[in-house]
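Asker: In the working numbering, the protein residues as written are 326 to 400.
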């Protein structure tokens, strides 16, 4: 799924070790890379569930650009 939608509901939650996680559609994501205007997020269950869901946030326009939001597990 590739889409851009500025009206999506996201939130940020603190992980068990104090790291910031992005919450979108009841799934959590961890930041794996940050560039000047973008943050790249992967599903927090990437290793344990082999989930390849990913998101990109565009910081310059404060927009969530989704990419591959299909998960291999329930929230």
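Backbone N, C-alpha and C fix where the C-beta goes; we use that ideal spot for every residue, glycine too.
Residue 374 and residue 366: beta carbons closer than 8 angstroms?
Answerer: no
Asker: Taking only three categories from DSSP, how would you classify residue 371?
Answerer: helix
Asker: Which same chain residues, not among the five before or five after residue 331, have their C-beta less than 6 angstroms away from its C-beta?
Answerer: Per-residue confidence for residue 331 stands at a pLDDT of 48, beneath the threshold of 50, marking its modelled position as unreliable; the derived number appears in the next sentence. Excluding sequence neighbours, residue 331 sits near 388.
Asker: Can you check which of these residues, 382, 339, 337, is closest to residue 360 by C-alpha distance?
Answerer: Looking from the CA of residue 360, the closest CA among 382, 339, 337 belongs to 382.
Asker: Taking residue 359 as part of the beta strand (DSSP E), name the residues at either end of that continuous run.
Answerer: 352-359
Asker: Can you list, in chain order, the residues of its chain whose CB lies under 6 angstroms from that of residue 340, leaving out five sequence neighbours each side?
Answerer: 346
Asker: Please report the straight-line C-alpha distance between residue 364 and residue 397, rounded to a whole angstrom.
Answerer: 22 angstroms
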